[in-house]
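Structure, as structure tokens:
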Amino acid sequence: DAQNETRGQWYLRQLLGSANISGSKPFHVMTGNLSHQIEHHLFPDIPARRYREVKVDVQRLVEKYGLRYNEGRLSKQLMSVARQLAIYSKKPSDPYKVGKSPESKALRRAKREAKEAAQAA
Numbered sequence: 034d035a036q037n038e039t040r041g042q043w044y045l046r047q048l049l050g051s052a053n054i055s056g057s058k059p060f061h062v063m064t065g066n067l068s069h070q071i072e073h074h075l076f077p078d079i080p081a082r083r084y085r086e087v088k089v090d091v092q093r094l095v096e097k098y099g100l101r102y103n104e105g106r107l108s109k110q111l112m113s114v115a116r117q118l119a120i121y122s123k124k125p126s127d128p129y130k131v132g133k134s135p136e137s138k139a140l141r142r143a144k145r146e147a148k149e150a151a152q153a154a
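Heads up: take any position in the sequence shown, counting from 1, add 33, and you land on the working numbering.
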């Protein structure tokens with residue numbers, strides 16, 4: 034549901050829909066630094082070698098707004114995907130509409146505020 038999405042909502046969606054895989058420097062090199070999926074989705078035009086630099090600023094911003102910076106080892110992220118697939122297979126509704134996570138609440142709040150601002154204008 035990206036129609037009429039504000040720029041801020043777009044960034045929020047990129048953040049909430051991405052997860053980094055933690056690992057050693059050789060691990061990141063072997064993945065072409067695409068283990069930094071959050072930074073890759075937020076800033077697709079910067080060189081992958083710069084993702085580590087940007088990561089610090091992104092983490093600071095995420096913390097400032099009380100969101101979760103989704104990062105973990107490969108095994109953790111694979112289990113997270115398996116859990117999400119199990120959830121999606123049971124209920125076909127949009128997880129951002131029914132979710133109770135801080136991320137879901139943040140996305141709903143951002144959409145509501147944008148709608149209210151548009152109506153006030």
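Glycine residues also receive a C-beta, built at the ideal position from the N, C-alpha and C atoms. In this text, all values refer to a predicted model and were calculated from it rather than measured experimentally.
- For Ser108, the uninterrupted alpha helix (DSSP H) segment begins and ends at Leu107 to Lys123.
- For Gly41, the enclosing alpha helix (DSSP H) covers residues Arg40 to Leu49.
- Excluding sequence positions up to five before and after Glu104, its CB lies within less than 6 Å of the CB of Asn53 and Ser55, all in the same chain and listed in chain order.
- By the neighbour-count definition (other C-beta atoms within 10 Å, threshold 16), Arg85 is an exposed residue.
- The Cβ atoms of Leu75 and Gln47 lie closer than 7 Å to each other.
- Tyr102 sits away from Gln117, with the two beta carbons spaced by 7 Å or more.
- Gln42 sits close to Ala143, with the two beta carbons spaced by under 7 Å.
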